[in-house]
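Worksheet: the structure to be examined is printed underneath.
Protein chains in written order, with the working numbering: chain A, -12 to 908; chain B, 14 to 317.
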């Protein structure tokens, strides 16, 4: 095996090396890598695309390709003149022009001639586009990022695999093995290479009262945690001064930042992560480096400066060849917590906590030689927790799956929204079929679109007006359309490419809103085709997943099916999204009009053909009343009806029987609570389901939350409205008598800025100000959480906020009226209102006799029998006292050796009035 | 001079038992200091607890009864004439038959027994216990079996009598604790505690092994059986013959603890009166109303 002089400081040999026949000649090599990041640079007046990836063994490569130039399409009646104008204005920048035939994206039509303009410099395309756009009819694909242009044209997907043949390239600018590609072929491979992760957490020294500012406040510590051992270490803490202990001491912040760069270069991570790294740690590091005039090259390309971009409240940092993963953003998307502090999140997801150092202590500990080790441990732990969030919870699997399905690179999947994923998929599919993709709409176009929307109106899903009340004497069946909008798109072939924009002699489907789409026999729409691919793909993966025994492989398959699902569901939203490239109001309206039509038809059919009452319906589901308490019976009927309706519908439209509400309390559209039963694997499971009825709000004290939950439980699960009323009456009494513990009456809020900078009067701030006045040595500051209760008095509400300690100390009285009338009653009233219970009754002023009561009109039932009937198969008999034959009812002292009765019937256990097959002793 | 002599010189006397267990270090200690070795070596007692899986469904109950039936019928089979054995769904009319069945319902003139294929009525005046497993030799007559002989699983004769090498005094008590030297106490009183002697509280069926002697502790409600057989001694013997100390008991787990698979050497079944008797190499002990029995496992004799 020969030796190669290659890039700076990396391995000296490769696998898969082909020696040429002549010795010492340039040799060829072949590698298979998984694509992590792509960028491009200009070299000799040509773009050179750099694909960063890793092979199975974890070796990092950069593959350089120069075989593509940027291009776009122009629709014009005078291509020759346009070409001349472009050349005269932009000279050598225009590489070539040619006439090509393509399909236009919006409206069903034949191919037309377009002028394809190929240029040299990707970054100049916007300028050319803007110059020419008013002189031509239309422009297409002149705003595609060059890296994605390359990837789509070569069928390369983010986190997908490619096989590269080429020769090793000697270069000082790329920090990993580099190959000059001669051919790049996408290959199928489900593996994911293990990625090297670096987690970091910085500590900054900043005066107490303000937010850290990068031009004034230095970084004092950088804690690093490694996913694979680095120089024998699992983690390190860099400190900007000399301290004893297990740290890397530096003499200055500058030296520390240089050290950081060294470590990043040597450890060479694929992923850099941290909790809130995008909004804090990374921008801060970059700004400090700028401030200290240090080179900001942390990526795999020497000299390529790292910079941050801020889009509104979010900041992104781009590091070439590496991916920045902000675990805070991921956790916020994936999980629901009361708050997202690292401590709360780590405790719940990892079972670990931060070290016990409060934000206020940092400066003190830094100065104290004997205590600084606590600060070091604290920072170290933070970086370890940030690493574990990625390595243990493995959230990246889902994102990697999304990369493969959409084709988008990992960094963009993490930072971007659904648009970029869908648009990349659209670009790829449109191009494959000979279609061009429109530009992203500019400001004018968006205004035009919103005016059009106002004029034509855009309607959403159909919501059937409910009769508010409690439904508990039978069951409520819930049936919904599986993936309604994607099914509509597929069934009726709805796509901008199939929209009939003029009269043609072709077969079409007409939507209830009037738009016409050619049938799939004429042309299969690209979006319906993509959706079918995603949905069928998902089924296949799910089947494989259920058969897979290896839990690791199973997890990856789960991530894959999840990615398919997310992408499929996002399509409808994209169709109605005004900033979508392929937006068309007729397409968007067609989809929802079919949806409304289907729900209406389904409701009508259930009413007329089955004689059942529809209680409520919302966009893709209907709730049907059925007069039986037997869950199995209702399940059977519901499943049958759903199947019969599905059979009567065209295409892939499917109505599914989803669940049963044994009791259902509906207050208004989109506001209900119910006792839901679902059947899985032959067994019933139940839970309380609530929609639109909040029981937790940040302005509510625990008393309200607890009372709401108890009341709903009593009404829904016990059917005992009277008991719920008594419960509330008791609570009110307890409040009046001041028997409720102060903690249950308190509301907790955080101080997010200095006390002075608050406009307006807020209760927790007023309480904080009082605390500061009473104990100036220990004032509440930014980051502190203040719990307060409202006491009696004459001043305005916020001024009557006091801490629990003060209330106890001075024996102050809580404002009972406030807690009854402003906290407790408002949400509780809304629930009782539909049950015919008035506020007065809750306050104990007796039940009002209304005129309708006297006239004998329907009075809402107060107490409901919520017994459930289930077939003996499902019942669990507790402490059975005997056995019985299911057929002939003969009693048995014990089971028989055959397990059956002489009559042939099955034997069940019996006890407490139940009979069933399952027991609990 | 051997160790016994050496120690004697120092004024120490060791018992043969200690001598047999002594080792080098102990000898040093003894020769050196004023320490006394404990002359009594605590016996090794092993408590064997068995648990069963929870009963979750009807099939689990059926499994337990089937297990019992399978085991006990295998014991009975060895005593029957295999040629005439039939299953209960294939009873030939008016013939001499051999069957094995579990008693399902007791009746005035006999019982209904069942096996895994079916059930039949037997006419007999032998005393039967519900849910016991019996072998029946008899004649079929109009759908019933007129019983000639009932066969129980029983314990074989000629089994080895297992004893301990040395004196091992076991106290079985429902209350009183005589002031005697004992090695272990088996008690039904929950508040009895001692720190010089091992106390085993008898509150669930469990086997205790002491130097190869198996003691089965079987607390249970025997009143039904005592009533059926007239007196406690007879009841206990009859239960042992059925190889099940509580056939009619409620099934609470998949383990059938009172089924005597391995035959114990001693059975402690506190029945409410105090007695000891031997049945075919098994010593049966019962205590009641504060009574106690002190049994020496070296010779299975009761110490007065």
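Ideal Cβ positions, reconstructed from N, Cα and C, are used throughout, including at glycine.
Can you say whether residue i is buried or exposed, counting buried as having 16 or more other CB atoms within 10 angstroms of its CB?
i, result
"residue 297/B", "buried"
"residue 157/A", "exposed"
"residue 667/A", "exposed"
"residue 216/A", "exposed"
"residue 290/A", "exposed"
"residue 444/A", "exposed"
"residue 534/A", "exposed"
"residue 146/A", "buried"
"residue 343/A", "exposed"
"residue 101/A", "buried"
"residue 314/B", "exposed"
"residue 480/A", "buried"
"residue 782/A", "exposed"
"residue 42/A", "buried"
How would you list, in chain order, the residues of chain A whose beta-carbon sits under 8 Å from the beta-carbon of residue i?
i, result
"residue 68/B", "906 and 908"
"residue 128/B", "884"
"residue 229/B", "Under the 8 Å cutoff, chain A gives no residues; its nearest Cβ is about 24 Å from residue 229/B."
What does residue i touch in chain B if you count any residue whose Cβ is under 8 Å from its own?
i, result
"residue 882/A", "71, 74, 75 and 78"
"residue 886/A", "71, 72 and 75"
Please list the partners that residue i has in chain A, where partner means a Cβ-to-Cβ separation under 9 Å.
i, result
"residue 167/B", "Those within 9 Å of residue 167/B in chain A number zero; the least Cβ separation is about 22 Å."
"residue 234/B", "By Cβ distance, chain A contributes nothing, its closest Cβ being about 17 Å from residue 234/B, past 9 Å."
Any idea what DSSP makes of residue i, helix, strand or coil?
i, result
"residue 353/A", "helix"
"residue 313/A", "strand"
"residue 851/A", "coil"
"residue 111/B", "strand"
"residue 20/B", "helix"
"residue 496/A", "strand"
"residue 165/B", "coil"
"residue 143/A", "coil"
"residue 266/A", "helix"
"residue 129/A", "coil"
"residue 910/A", "In the structure as shown, chain A begins at -12 and stops at 908. Residue 910/A is therefore absent and cannot be evaluated."
"residue 567/A", "coil"
"residue 233/A", "coil"
"residue 48/A", "strand"
Over the uninterrupted beta strand (DSSP E) stretch that includes residue i, give me the two end residues.
i, result
"residue 610/A", "608 to 613"
"residue 464/A", "462 to 468"
"residue 892/A", "Note, residue 892/A: premise wrong, no beta strand (DSSP E); not H, not E."
"residue 667/A", "658 to 667"
"residue 729/A", "No beta strand (DSSP E) holds residue 729/A; the alpha helix (DSSP H) holding it covers 729 to 732."
Assuming residue i contacts residue j (C-beta within less than 8 Å), just tell me the rounded distance between them.
i, j, result
"residue 107/B", "residue 153/B", "6 Å"
"residue 905/A", "residue 69/B", "6 Å"
"residue 74/B", "residue 264/B", "6 Å"
"residue 478/A", "residue 640/A", "5 Å"
"residue 428/A", "residue 436/A", "7 Å"
"residue 126/B", "residue 116/B", "5 Å"
"residue 94/A", "residue 488/A", "4 Å"
Since residue i meets chain B, which of its residues come closer than 9 Å, beta carbon to beta carbon?
i, result
"residue 896/A", "70, 71 and 74"
Applying a beta-carbon distance threshold of less than 7 Å, which residues of chain A neighbour residue i?
i, result
"residue 268/B", "Per Cβ cutoff of 7 Å: no residues; residue 268/B is ~13 Å from chain A at best."
"residue 115/B", "884"
Ends of the alpha helix (DSSP H) at residue i?
i, result
"residue 523/A", "513 to 534"
"residue 236/B", "236 to 242"
"residue 417/A", "405 to 419"
"residue 774/A", "First-last for residue 774/A: 772 to 777, but that is the beta strand (DSSP E), not the alpha helix (DSSP H)."
"residue 369/A", "359 to 378"
inquiry  = For the region 141 to 161 of chain B, list every residue whose C-beta sits within 8 Å of some C-beta in chain E, in sequence order.
reply    = No chain E appears in this structure, whose protein chains are A and B.
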